[in-house]
Ligand code: AVJ
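Residue numbers (our numbering): -10 to 369.
Structural data, given as structure tokens:
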């Protein structure tokens, strides 16, 4: 594979020293070694090699974002700030909650239909994972998929290197090219490869964090990244009984509440703020007009907070909107995908879908599905 970098306006925009991209060695082989565990007596240490491409994502300006969001009539904070160390731990805990069905349901779908998904995507693909995190879900698919190249993309460099390395060790057939960048900002794949079919994996219903118009634009960008015939495997949470949806974001153990409130803890620490956490409570509800879960922090009394030297007033009952999580039905997501330039090829869910096309079928009404994984093909 020719590893030369293509210089693009997007990359230049995102890089403080665009000239450095022209050099040949910016994509470096990242060598790492770890000490053998006590039980590992055959070799002194184990070595795994991954390729690491640092696209130097522009660091978020949390101070400007927070001050701007809290200055608006409807106060808001971006969900991207949930994930500091504690927030990431709390999110992992959310994924284990009995009420939070998406993670375990999606993993079950991947396990059950991995072979069919692999048949769609084809062997020896160049497989890009957007927002790879700890790369947990992809592991379910790797044996069936057998991609030639696995390219995790994540904004958190440490997290990315750690999981890329452990994956390379666990799946020795994999060529791992880890890419550190913000996938929500345009970027290009840092490889010249026209041999392997291209595929992308975007699990977790992360697509639901985008406003639908932004989701459409994002999908188009992914399609352009893949090129004609490229396929996208994307996890999408489905519209369902409001009680099921709302329970998933208002769990009995209040882990989601702690996750939401941790945003204020983080702002206190990183922006020299003085939010009194006892003065805010978590709430989440399904906004059926807009088909989205909304998470808010509600001020329980009239109060003030000082953030980075500026004062903000909160009325009793006033909310800070912290997250939207859009839910789709299958047709609605297909429409979005088509508008973006993809053709829906297949969809898998946790339950067979009762289309009602055979009125004489006497089967008991199925439980409606909770979650969906779509295979889309880029029409280009
Ligand atoms: C990571 C955006 C998919 O919307 O369900 C979970 C985040 N927020 N509980 C979601 C989240 C509260 C999650 N996503």
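Ideal placement from N, C-alpha and C gives every residue a C-beta, glycine not left out.
Everything numeric in this text was worked out from a predicted model, so none of it was measured.
Supposed close pair residue i, residue j - CB separation, criterion 8 angstroms
{"i": "residue 171", "j": "residue 46", "result": "4 angstroms"}
{"i": "residue 315", "j": "residue 186", "result": "That belief does not hold up - the Cβ atoms of residue 315 and residue 186 are roughly 30 angstroms apart, past 8 angstroms."}
{"i": "residue 271", "j": "residue 289", "result": "Their Cβ separation, rounded to whole angstroms, is 11 angstroms, which puts residue 271 and residue 289 out of contact at 8 angstroms."}
{"i": "residue 227", "j": "residue 317", "result": "7 angstroms"}
{"i": "residue 339", "j": "residue 322", "result": "That pair is no contact at about 15 angstroms."}
{"i": "residue 294", "j": "residue 283", "result": "About 21 angstroms; that fails the 8 angstroms criterion."}
{"i": "residue 286", "j": "residue 308", "result": "7 angstroms"}
{"i": "residue 229", "j": "residue 357", "result": "6 angstroms"}
{"i": "residue 210", "j": "residue 56", "result": "So it is not a contact: roughly 29 angstroms between Cβ atoms."}
{"i": "residue 116", "j": "residue 71", "result": "About 27 angstroms separates the two Cβ atoms, so there is no contact after all."}
Sequence-distant residues of the same chain with beta carbon closer than 7 angstroms to residue i, five excluded per side
{"i": "residue 52", "result": "260, 297"}
{"i": "residue 68", "result": "198, 311, 312"}
{"i": "residue 103", "result": "129, 130, 133"}
{"i": "residue 364", "result": "106, 109, 220, 222, 334, 335"}
{"i": "residue 161", "result": "none"}
{"i": "residue 192", "result": "95, 126, 224"}
{"i": "residue 236", "result": "88"}
{"i": "residue 247", "result": "79"}
{"i": "residue 166", "result": "40, 42, 138, 140, 180"}
{"i": "residue 217", "result": "367, 369"}
{"i": "residue 267", "result": "none"}
{"i": "residue 378", "result": "Residue coverage of the chain in this structure runs from -10 to 369, which leaves residue 378 outside it and unanswerable."}
{"i": "residue 183", "result": "none"}
{"i": "residue 301", "result": "59, 293, 294"}
{"i": "residue 73", "result": "255"}
{"i": "residue 269", "result": "250, 253, 286, 287, 288, 289"}
{"i": "residue 238", "result": "245, 273, 282, 284"}
{"i": "residue 92", "result": "84"}
{"i": "residue 153", "result": "39, 141, 165, 167"}
Identified DSSP bridge partners for residue i
{"i": "residue 292", "result": "303"}
{"i": "residue 149", "result": "Residue 149 is not bridged to any residue."}
{"i": "residue 287", "result": "270, 308"}
{"i": "residue 281", "result": "276, 315"}
{"i": "residue 224", "result": "362"}
{"i": "residue 191", "result": "223"}
{"i": "residue 118", "result": "141, 190"}
{"i": "residue 332", "result": "366"}
{"i": "residue 254", "result": "Note: residue 254 sits in no beta bridge, so no partner."}
{"i": "residue 338", "result": "361"}
{"i": "residue 262", "result": "296"}
{"i": "residue 64", "result": "309"}
6 angstroms Cβ shell around residue i - same chain, five flanking residues per side excluded
{"i": "residue 231", "result": "275"}
{"i": "residue 65", "result": "58, 310"}
{"i": "residue 76", "result": "251"}
{"i": "residue 362", "result": "98, 224, 337"}
{"i": "residue 135", "result": "112"}
{"i": "residue 114", "result": "136, 185, 186, 188"}
{"i": "residue 240", "result": "86, 88"}
{"i": "residue 14", "result": "Low confidence applies to residue 14: its pLDDT is 33, below 50, so where it sits in the model is not reliable enough to give any reading."}
Residue-level contact to chain B via CB, residue i, 8 angstroms cutoff
{"i": "residue 283", "result": "Absent here is chain B; the protein component of the structure consists of one chain."}
Contacts around residue i, its chain only, beta-carbon distance under 8 angstroms, and the 5 residues preceding and following it disregarded
{"i": "residue 281", "result": "197, 275, 313, 314, 315, 316"}
{"i": "residue 304", "result": "288, 291"}
{"i": "residue 233", "result": "90, 359"}
{"i": "residue 331", "result": "208, 212, 221, 365, 366, 367, 368"}
{"i": "residue 163", "result": "131, 136, 138, 139, 156, 157"}
Check: residue i C-beta below 7 angstroms from any heavy atom of ligand 2
{"i": "residue 248", "result": "As for ligand 2, it is missing from this structure, which binds only ligand 1."}
Does the contact criterion of 3 or more C-beta pairs under 8 angstroms hold for the region 91 to 106 versus the region 243 to 258? No, the region 91 to 106 does not touch the region 243 to 258.
Assess contact between the region 78 to 96 and the region 324 to 332, defined as three or more Cβ pairs (one per stretch) separated by less than 8 angstroms. Is contact present? The count of Cβ pairs closer than 8 angstroms, one atom from the region 78 to 96 and one from the region 324 to 332, stays below three, leaving the stretches out of contact.
Can at least three beta-carbon pairs, one atom from the region 135 to 155 and one from the region 116 to 123, be found at a separation below 8 angstroms? Contact between the region 135 to 155 and the region 116 to 123 is present, with at least three C-beta pairs closer than 8 angstroms.
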